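Data first, discussion second: the structure below is written as structure tokens.
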Amino acid sequence: MVSAVDVPEETSAGAPVEIAVNRESCCGAGQCALAAPAVFTQSEEDGLVLLLDPNPPAELRDAVRRAQSHCPSRSITIR
Ligand code: SF4
């Protein structure tokens, strides 16, 4: 299982990050869109996550980590 504390140190230090979402496991809770609305949103059709920016800038990194840690279905991966 990937969690915020599993983010590699070089990622935390400023290397580009790559975000992935799993729409198969997403339950549409919307915590990601609340935590990082520039990176995640929810489909108007099915309510499931849509990834707006798979390579967010460094200033959004903390928000993306919050989104990942708050996701109840563990559907967000940070590489
Ligand atoms: S927080 Fe997780 S379960 Fe909720 S919409 Fe985002 S990816 Fe889906």
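Going by our numbering, the sequence shown opens with residue 16, and the numbers climb by one from there. For each residue, glycine too, the CB sits at the ideal point set by N, CA and C. This structure is a prediction, so every number in the text was calculated from the model and none was measured.
Could you compute how far the alpha carbon of residue i sits from the alpha carbon of residue j?
{"i": "R81", "j": "D61", "result": "23 angstroms"}
{"i": "L66", "j": "V36", "result": "7 angstroms"}
{"i": "S58", "j": "E39", "result": "13 angstroms"}
{"i": "A78", "j": "P69", "result": "13 angstroms"}
{"i": "P72", "j": "E33", "result": "10 angstroms"}
{"i": "L63", "j": "C47", "result": "11 angstroms"}
Does DSSP classify residue i as helix, strand or coil?
{"i": "D77", "result": "helix"}
{"i": "A35", "result": "strand"}
Roughly how far, in whole angstroms, is the beta-carbon of residue i from the beta-carbon of residue j, given that I think they are within contact range, below 8 angstroms?
{"i": "S88", "j": "C42", "result": "5 angstroms"}
According to DSSP, which residues form a beta bridge with residue i?
{"i": "Q57", "result": "V64"}
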